[in-house]
Every structure is written in C-alpha cells, then in structure tokens.
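A quick write-up on the structure given underneath.
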Amino acid sequence: MDKDASTYNFLRELCLREFTKLKLDKKKNKDVYVDRIKYELKILKDLNFIDYILLVWKVVVYCHENDIPLGLGRGSAAGSMVLYLLQITQVDPVKYGLIFERFVSKARAKKKVVDGVTYLDGSLMCDVDIDVCYYRRGEVLKYLESEFKGSTSKILTLNKLSGKLVMKECGKVVGGKEESEMNTVSTLIPKVFGQVMDIKEAYEEVPQFSTWCDRNPKVYKIALKLRNLIKNKGVHPSGILLSYDKMIESCPCELDSNKEPVSSFDMNWVSMFNVKLDVLGLRTVSVVHECCKILKETRQIDLKPEDIDLDDEFIYQNLSDLKNRHGLFQIEADANYEVCRKVKPKDLEELSAVLALGRPGAMQFIDQFADYTNNGVYEAIHPFFDDILKDTGGVALYQEQLMKMANKMGFTLDEAEILRRIVGKKKIKEVRKWKKKIRDKVKENRLSSEWLGSKGEVDVGDVLWQVLEDSANYSFNKSHSISYASLAAITTFLKFKYPKEFFLALLKMTRFEPDPIAEIAKVSRELPRFGIKLLSPNLLKSEMDF
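Note that the working numbering numbers the sequence shown so that position 127 is 129, with each residue one more than the last.
So this is what it looks like as structure tokens:
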C-alpha cells in the first residue's frame, strides 16, 4: 500500500485480504459477512478506534512471526468480525451468532473535550485481552517495551480489606478472640456470585452472623468502618500501560523489585488518558502448543490447533461419558465437570453452555438445560422470544440473547447493550426510564402483548423485563464462552486422540504450576487408565525435563 494511506484504508485492505484467504467469499451467506465487516469498520472509524485495533494486531503479528502461541480469543472481543479477520481471535462471530455491540457500542462511547483535546472515556474504550503462551509472555512485554521505549509501565492495583479479613482481625485485636473462633465467624459470611457479601448485608441476611455481632457489637462496629479500606498495593497481573508521551511525563511511576516502572494510578485512572493492554499468560495455550510440538518431533504428525475440527464427533463422544478430566481446559473444574456429565454436550454450542452454566447463579438451570439436551424438552417463556431462547432450553443464558430479545422488540443493538448494563448495575433512576421505554415499544410496534401459558397471561414487555432482571446475576458473555469452549474442545481432542503426547505436555508444564508435585500426582493417577506408565527418575537415563 501507499505509505501515505490512512490507517483506516490499511485496516480495510487487511480485512479484504484475509476475507479472501479464509475463503469467506465462497460461502453462501457471504453477503452477511460483507455487510458485517463494512458495519464494524465504519463504527471503529467513527469512534477513532482504528489505531487501537492496529496496535493489538501488531502485537499479534509479532507473536505469529516469533512462534509465540496464542489463545483463540477472550472476552467480548470475539464478537468482532474485524478481529477475526486479523487473527486476533479465532472464533467466527457470524457462525456462532456473536454480537459486535457487546464489544463496541457507539451509543455508550462518550467523548470528552478537555482544553481543546478530545478524549474517549477510558471505561468505554473497546478492550482486547490476549492470551499467550504462559512461559513466553515476557517476550511480548519486552517487545512492547522496545517498540514504545520509555512509554510503557505496569499498572498499580489497590487491594482492599475484605469483610472476612476485617472481621477476623477486628475480632482478634479489638475483641481479644481466638483465631479459631474468628475463622468460624468469617465462614458465616457467604459469597454471592463469586463475591464475598458485604458484612452489613450479611448481618441483615445471615441470622448466625447477626447473633454473633449482637453479642460483640464493638467488633462489628469497628469492622464496618474498616471494610473496603485500602490494605496494600500490588501490580496488575496482566495489564500493560502504553502512553503517547514518555511515561514519566503523563503519569507518576515507581520502580518495582525488578527496577521496572509501575504507574502510581490504578487502572481506572490510567485508562482515561492512556491505553491499557491485557496480555495474559495461559498455561493451557502452552500445553496445547507443547503437545503439537511433541507429535511433530516424535511421530511426524504436523497438527496445528486451528486445524482441529471443533465439531468432530470424537470430541463429544468422549465428553458424553467423561470420567478422566485432568488437563481438560475449564472442564476439569468441579462445577463444570458435573455440568458436563449431566448435559452430555453434542457440539460446541452445548459445550459453551456447559461453561456458562457452571457458574454461581446459573447453576439453578443445569437440570432444565440437561433435560433439553438429553430429551429435547423445555418450557418456552414466550413464543415471541422462542427463536432466541430455544437453543439454550428456554434459558437466557447469554448476555447476547438479552440484547437480541430487546432488539426484536424494536431497540437497536446499541440501545440493547445500554439496557443490559443498566439492569445489571441496578441503576434505579435509569431502570424506571427504561421500563417505560419497553412499554412504549410494545405499543409502538403493535406487538402481540398477551399469551396464555403455564403462568397465565404474560405481556411481552413484562417478559423481557423479568428476564433482564433475573439474568443480571447469571447471564454470561457468549463471545468469551464460545472462545474458551473452543479451547476446551481442542484439549479434549488431544487428550483422547494422543494421550501419551498430551500427558507428556502436561508434565512438562508442571514446572509453571504453584504446586508442581500435586500436578504430577494428578497426572500419574490418570495415566494407568490410558495404559501409560510414569517411570521413576533414573540417574543414568533421565534428563532435566520429562
């Protein structure tokens, strides 16, 4: 291209090249892809996000050129067709019904003008997280440091006193209690959707906890004052800050133990005037890469992760009666394993649902979804929304489904994303406004407002609102779920197709685990089930690695 070409034209040419390379022009629904690409490029251009997308692309190109393995995608970024074409993600968003507005919403991106300079609210910037090979993450960071010399830093985190910790310490220091008693008291404070409940809320909802606090009012009173105060500072595990200017000119910094700069502002502040990139080291990416490497070296099988058919029946045959779970990405977790055994996924969509269901809040729907996947039975909440919810057994499992429901009622996808956020964050004043907007849409579009079902007469608008409120605590990002389900499918294929090479890759990666011995023990317990022996070290024959 001409060296003077705009970044927009450059990005458009990149997309066109990859569109042909991926043979999307040969698809029957190629017009859907073309329209989607044009739409995304326009939005990215209008919001001045082109340079950010090209920055992420540049990092990905560096990884490809240096054989640094990457994940298939993470978070809402997998909903972008442009990112798919740039190989930043490996999940086709059109095929899986993913929504671009979940990643970038023009309606919520607000511009601020300060001293004649236009800024975008940092929290509303599009955000691309990159999963890389665990032990090569440092190379990516060094590349960024060399490309933006003096303009990068790590990001400060401020760690706060949790309710459990405050109660423990106040009980011991203020109340003179034994540690064993305070450990018991702290266990009375429950977790809600993965978050420790605030102690004031726990006092109101947990009788045993409130009884103890009433007997020890001084401890509870002081704990209330101390909770959520900043305890200490740390470093963000994956975030890297990039600045247009030299870092010392745009943000105060301090040096960590490795003499590397760390911003003195946390990520909420620094992202307002700088760019934050998240580069995460993922062990599973390393395991998959190592397994493919071993296959090529020992059996001359040239297999690449992207060549594995994610709809291969072999994968789902092994998942339908799963007994050996170690090393299977996400599935080896207790909750997901139990969901998998109940649901018995038959394709990637159902495997994605397994990962979404294995979370607090969503677990209440496991039996309902399993009944759907195993018997084809489910209860429709309303025929108007059946085409959107039928593939998840009548459950609004994904945030994208909520957006599609609102879109079907007449809202734009941008508006649907705003509505999803407002309900999720329980913004009371905004909630009232949107309730009225939904009622207006029902009248405006002359929607069939009533349906006689098992719950009596149900208004379309009321159904949408009820689903939005109920699902705020459990609906999941499908873009992320599909991406991680794809990686789970790959690990399943490798483990059961090439168990020897897969387990060897797992053993090689144990050196990066917090407790390598425990990980080796887990592998050794499964090996006999595959007819494989783990030999003891031999001083004459063994090498430094497995």
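The C-beta atom is built at its ideal place from N, Cα and C for all residues, glycine as well.
Suppose you measure from the CA of residue i to the CA of residue j; what does that come to, to the nearest Å?
i, j, result
"Q332", "L391", "24 angstroms"
"K233", "I157", "17 angstroms"
"Q210", "G363", "23 angstroms"
"L160", "G236", "6 angstroms"
"R19", "E334", "39 angstroms"
"L226", "D472", "30 angstroms"
"L231", "C255", "22 angstroms"
"D388", "A382", "6 angstroms"
"K497", "K535", "16 angstroms"
"F495", "V290", "10 angstroms"
"C135", "E171", "39 angstroms"
"S212", "S188", "12 angstroms"
"L16", "P307", "23 angstroms"
"K223", "K174", "14 angstroms"
"Y246", "V58", "15 angstroms"
"G177", "P347", "52 angstroms"
"V525", "H328", "7 angstroms"
"K438", "H238", "41 angstroms"
"L56", "G152", "20 angstroms"
"K32", "V96", "10 angstroms"
"V465", "N447", "16 angstroms"
"I303", "G165", "53 angstroms"
"K23", "D37", "18 angstroms"
"Q2", "P501", "In this structure the chain extends from 3 to 548, so residue 2 is not present and cannot be described."
"S265", "K162", "18 angstroms"
"N68", "Q366", "45 angstroms"
"T9", "L26", "23 angstroms"
Whose CA, out of the options, lies closest to the CA of residue i?
i, options, result
"K278", "R285, V290, M269", "M269"
"A337", "N326, D349, L324, L357", "L357"
"H384", "R361, E351, K438, V469", "V469"
"K60", "Y318, D304, I250, F150", "F150"
"E503", "Y339, S8, E417, L305", "L305"
"N240", "I70, T493, I492, I132", "Note that residue 240 is Ser in the sequence shown here, rather than Asn. Ranking the options by Cα distance to S240, first place goes to I132."
"K410", "L43, K23, V444", "V444"
"D48", "V106, S164, N475, D517", "V106"
"C215", "V36, M169, R38", "M169"
"N475", "L359, T154, K435", "L359"
"Y137", "K261, V287, E67", "V287"
"L330", "P219, H66, K499", "K499"
"K467", "A408, P516, P518", "According to the sequence provided, residue 467 is Trp. The question's Lys does not apply to it. For the residues A408, P516, P518, the minimum Cα distance to W467 belongs to A408."
How about residue i and residue j: do their beta carbons lie closer than 8 angstroms?
i, j, result
"G73", "R104", "no"
"R441", "G463", "yes"
"I52", "L13", "yes"
"L506", "F532", "no"
"N276", "S252", "yes"
"L321", "F386", "no"
"F371", "V345", "yes"
"R285", "F514", "yes"
"A79", "I420", "no"
"I242", "V272", "no"
"M184", "P192", "no"
"E351", "D323", "no"
"G75", "V93", "yes"
"I70", "E141", "yes"
"T154", "M274", "no"
"I549", "L537", "The requested residue 549 does not occur in the structure, where the chain is confined to residues 3 to 548."
"E545", "N326", "no"
Report buried or exposed for residue i, applying the criterion of at least 16 other Cβ atoms within 10 angstroms of its Cβ.
i, result
"N540", "exposed"
"V221", "buried"
"L542", "exposed"
"Y41", "exposed"
"V379", "exposed"
"G395", "buried"
"M405", "buried"
"N11", "exposed"
"E207", "exposed"
"D129", "buried"
"L454", "Low confidence applies to L454: its pLDDT is 44, below 50, so where it sits in the model is not reliable, and the reading given next is rough at best. Result: exposed."
"I492", "buried"
"I368", "buried"
"T186", "exposed"
"K29", "exposed"
"E521", "buried"
"A523", "exposed"
"L257", "exposed"
**OP:** Count the CB pairs spanning the segment 289-300 and the segment 503-515 that are closer than 8 angstroms, and state whether there are at least three.
**Re:** yes
Original post:
With a cut-off of 8 angstroms, do at least 3 Cβ pairs link the segment 479-493 to the segment 393-408?
Top reply: yes
Original post:
If we count Cβ pairs, one from each stretch, closer than 8 angstroms, do we get three or more for the segment 138-158 versus the segment 203-219?
Top reply: no
Original post:
How about the segment 308-315 and the segment 481-495: do they share at least three Cβ pairs that are nearer than 8 angstroms?
Top reply: yes
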